[in-house]
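Structure first, then comments.
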């Protein structure tokens, strides 16, 4: 079952912050985050492998709450280059080769 | 190091025609995947290959077949294309188990079925 992402779309001005949420109705064993720019392939951002884990990459970070079955992606002091669609992906089951992706959150950063 | 490459980049087919989408990776990865992406639907897994010599169905396998030709190459075949198969197709690869490893995506093939 697909994870649910919210919001579906968000518009930010440069320098503003945003939070993208990813939640699942079933147990989460890991959460992947990818960004896709228009007309391009998805690009890996980070994986969170266990509950309570937090990771950061430049000014983009994420947390994973295993008990709540959700993950959040935090974008701080947004830049124009952050624009794109963000996807979370979760495995079908423990050790599964298959990822199921959310429908995506479209982020637009304007000057 | 090209990563994941896909051919063709764009294709137009008529209903009923067949075609094969090619994918190759040069990262010595064990696992490879085929996804389709439709507007508002995210990425959906069609087939995957956990290792050379094995293939398994994903979420939306109907109307497709795959071949893991060798460790580098994983092809997707449409035997009789239908308008519902109009989509963007992405191939991806990962070193090991997909749920714990980064997946690297190719540039995509845009397919239009008339």
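Residue numbers (our numbering), protein chains in the order written: chain C, -19 to 91; chain B, 51 to 164. The C-beta atom is built at its ideal place from N, Cα and C for all residues, glycine as well.
- For residue 100 of chain B, a Cβ of chain C is located within less than 8 angstroms of the residue's own Cβ.
- Counting along the chain, residue 113 of chain B sits inside no beta strand (DSSP E), nor does DSSP assign it H or E at all.
- If you draw a 10 Å sphere on the C-beta of residue 124 of chain B, you find 16 or more other C-beta atoms in it, and that means buried.
- In this structure, the beta-carbon distance from residue 142 of chain B to residue 85 of chain B falls below 8 angstroms.
- If you draw a straight line from the Cα of residue 107 of chain B to the Cα of residue 117 of chain B, it comes to about 12 angstroms.
- In its chain, beyond the 5 residues on either side, 60, 138 have a beta carbon closer than 6 angstroms to the beta carbon of residue 160 of chain B.
- Between the stretch 63 to 72 of chain C and the stretch 1 to 21 of chain C there are three or more inter-stretch CB-CB distances shorter than 8 angstroms, so the stretches are counted as touching.
- Under a criterion of Cβ atoms nearer than 9 angstroms, the residues of chain C adjacent to residue 158 of chain B are, in order, 19, 20, 21.
- Looking from the CA of residue 2 of chain C, the closest CA among C:80, C:39, C:91 belongs to C:80.
- Not flagged as an interface residue toward chain B: residue 56 of chain C, since no C-beta distance is shorter than 8 angstroms.
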